[in-house]
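Since the structure comes first, as structure tokens, the remarks are kept for the end.
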Amino acid sequence: MFSLLKRAPLAMLSLLAALSFAWSLPAYAEQSESQVAQREMTQLAGADFWRQVRQGEQGYTTSQFPEHGTLISTPGQAWYILKEKWMSPAGAVAIFGSIALVTMMYIVIGPIMLSAPRTGRKIKRWSRLDRALHWSMAFTFLTLAFSGLMLVYGKHFLKPYIPADLWGFIIMLAKQYHNYIGPIFYVLLLCVLVKWWRKSIFRKVDLHWFMKLGGMVGKHKGSHPSAEFSNAGEKALFWMLIVVGSVVALSGLVLDFPIFGQTRRDMEMSNLVHMIAALILICGFVFHIYIGLFGMEGALEGMVTGEVDETWAKEHHDLWYHEVMEQEKQEQAVKPVRRVEGVAADEQTS
Ligand code: HEM
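Going by the numbering used here, the sequence shown opens with residue 16, and the numbers climb by one from there.
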């Protein structure tokens, strides 16, 4: 029963993915038919007809929606150019730049190793709920990033090399996944905010951590500046995730539900904001993932098992370590008193 409960979030996620996949299959079939119809329409109407339409002249409709008279919105061209000619290449440079930078960091600076040997004594750092939240958010974030990047760049690096039908299927899948899982990411983000905001408040000690560049580079390398449960870098990452993540999620919701009177300009603006904010997050998390996977000895085991070695705690989060030790001392001081009280009570009753 307990192991079933443990697997519940994963099972929910798989179920959602399967449902969104199943829902999208009929849409795919319809899309292929409508694509054929559209192609035929275009050919029947001829180039002159579409040239006239592109001039943006307003027509007539009984619908009350502000833009229903406009078949093709000519100012949308500015959005298209901004997205395709500027944002898309700039994003690719930023992502590959971040990956190149962490590779350089690994080669030049190397991973941060523990200075003293491990003591083998384990300290509890992340609860089961913390870990479930972290890995669910990491999974949704990474798969959303992957499907989002496929929507923007797939036509350049995948489409030319695979059959048209397969490409249509992959891109439809990416779109459906992105549309359905996006709101789940926002729910997880709000849960993370509620659970971790308290330990992410900046204090004076964080200023020293920043001034010593976290003890990671230059003359401060290996100096282990003081840190609470979260160091200043982790706090900065946390607030970046909350603020920029909310921008990504809210602009995504505007795009996901175009039923609240959004005009084409609103949709274009949301699309650009969504793209810029998502790229900032992806680049930021390239560094986080590097530190978690390769950049710091002993960090990952905390997020996997929930416990860290005493030496790791002492070197990277000394203020938190002393707090935990103090708490343990107080608990041990209380225990014998309780035992004596228990014995006294037994003697009185006998
Ligand atoms: C393969 C991917 C990832 C790995 C290996 C990883 C690894 C880790 C590790 C080891 C920690 C604990 C650090 C510590 O104990 O001080 C951590 C914390 C955290 N991670 Fe990740 N992570 C990944 C992806 C993500 C993603 C995609 C997000 C968000 C979208 C994320 C958000 C966070 C946050 C907010 C914290 C807490 C930082 C704090 O305030 O202390 N992680 N991660």
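From the three backbone atoms N, C-alpha and C, an ideal C-beta is built for every residue, glycine too.
Inset, instruction - Please indicate yes or no: does the CB of Ala-147 lie closer than 7 angstroms to some heavy atom of the ligand HEM? - result: no
*Does DSSP classify Glu-243 as helix, strand or coil?*
Here DSSP, grouped into helix, strand and coil, assigns Glu-243 to coil.
For Lys-337 and Leu-294, I'd like the C-alpha separation in whole angstroms.
It should be noted that the sequence gives His, not Lys, for residue 337. The alpha-carbon atoms of His-337 and Leu-294 are separated by roughly 38 angstroms.
- prompt: Near Gly-91, what residues of its chain come up, given a Cβ to Cβ distance below 8 angstroms and the 5 sequence neighbours on each side ignored?
  reply: These residues qualify, in order along the chain: Arg-279 and Glu-283.
Among residues of its own chain, excluding the 5 on either side of Gly-237, which ones have a beta-carbon nearer than 7 angstroms to its beta-carbon? Ser-130 and Gly-230
- Would you say the beta carbon of Ile-199 comes nearer than 7 angstroms to a heavy atom of the ligand HEM? With a cut-off of 7 angstroms, the C-beta of Ile-199 is classified as distant from the ligand HEM, since no heavy atom of the ligand falls inside that distance.
* Does the ligand HEM have a heavy atom nearer than 7 angstroms to the CB of Ile-304? -> yes
**Asked** Can a CB atom of chain B be found closer than 8 angstroms to the CB of Gly-112?
**Response** Checking the listed chains, one finds no chain B in this structure; it contains a single protein chain.
- request: Can you give me the Cβ contacts of Cys-206 inside the same chain, cut-off strictly under 7 angstroms, excluding the 5 residues immediately before and after it?
  value: Leu-148
| query | Do Val-7 and the ligand HEM come close, with the Cβ less than 7 angstroms from some heavy atom? | reply | As displayed, the chain neither begins before 16 nor continues past 365, which places residue 7 out of reach and without an answer.
**OP:** Please confirm if the stretch 84-104 is in contact with the stretch 139-158, defined as three or more CB-CB distances below 8 angstroms between the two stretches.
**Re:** These segments do not touch.
Name the DSSP bridge partner or partners of Asp-333?
Looking at the DSSP assignment, Asp-333 forms no beta bridge with any residue, so it has no partner.
Closer than 7 angstroms to a non-hydrogen atom of the ligand HEM - does that hold for the CB of Lys-234?
no
Report task. Please determine, among Val-232, Ile-185, Tyr-195 and Glu-330, the residue with the shortest C-alpha to C-alpha distance to Ser-245. Result -> Nearest C-alpha to Ser-245: Glu-330.
Relative to the C-alpha of Tyr-121, which residue among Tyr-75, Val-323 and Met-311 is closest? With distances taken between CA atoms, Tyr-121 lies nearest to Met-311 out of Tyr-75, Val-323 and Met-311.
Do Tyr-195 and Thr-158 have their C-beta atoms closer together than 8 angstroms? Cβ atoms of Tyr-195 and Thr-158: not closer than 8 angstroms.
* Asked: Counting pairs of beta carbons, one from the stretch 252-264 and one from the stretch 201-218, are three or more of them closer than 8 angstroms?
  -> yes
So for Lys-236, helix, strand or coil by DSSP? Looking at Lys-236 - three-state DSSP - the assignment turns out to be coil, as it is neither helix nor strand.
* To do: Take the Cβ of Lys-250 as the centre, count every other Cβ of all protein chains shown within 10 Å, and call the residue buried at 16 or more, exposed below.
  => buried
Practice prompt. Could you tell me which residues DSSP puts in a beta bridge with Asp-221?
Written response: Beta-bridge partners of Asp-221 (DSSP): none assigned.
Along the chain, which unbroken stretches of the beta strand (DSSP E) at least 3 residues long are found entirely within the stretch 264-332?
322-324
inquiry  = I need the straight-line Cα distance from Tyr-95 to Met-102, nearest angstrom please.
reply    = 10 angstroms
Taking only the alpha-carbon atoms, compute the straight-line gap between Ala-360 and Gln-342 and give it to the nearest angstrom.
Because Ala-360 carries a pLDDT of 48, less than 50, the predicted location of this residue cannot be relied on, and no value is offered for it.
### Task
Give me the Cβ distance between Ser-241 and Asp-333, rounded to the nearest whole Å; I'm assuming they're in contact under 8 angstroms.
5 angstroms
Which same chain residues, not among the five before or five after Arg-136, have their C-beta less than 6 angstroms away from its C-beta?
Glu-325
Alpha carbons only, please: which of Ile-199, Gln-73, Val-339 and Ile-185 is nearest the one belonging to Leu-164?
With respect to the C-alpha of Leu-164, the residue from Ile-199, Gln-73, Val-339 and Ile-185 having the closest C-alpha is Ile-185.
Legend entry - Cβ-based burial, Asp-180 [other Cβ within 10 Å; buried from 16]: exposed
Report task. Counting only the same chain and skipping the five closest in sequence on each side, list residues whose C-beta sits under 8 angstroms from that of Tyr-305. Result -> Val-117, Met-120 and Tyr-121
key: Per DSSP, cross-strand counterpart(s) of Ile-6   = Nothing can be reported for residue 6, as the shown portion of the chain is limited to 16 through 365.
Which two residues bound the contiguous beta strand (DSSP E) that contains Ile-216? No beta strand (DSSP E) holds Ile-216; DSSP gives it neither H nor E.
Discussion item. For Phe-253 and Leu-173, I'd like the C-alpha separation in whole angstroms.
Written reply: 34 angstroms
Notebook entry, point to check: Does the ligand HEM have even one heavy atom less than 7 angstroms from the beta-carbon of Gly-317?
Noted result: yes
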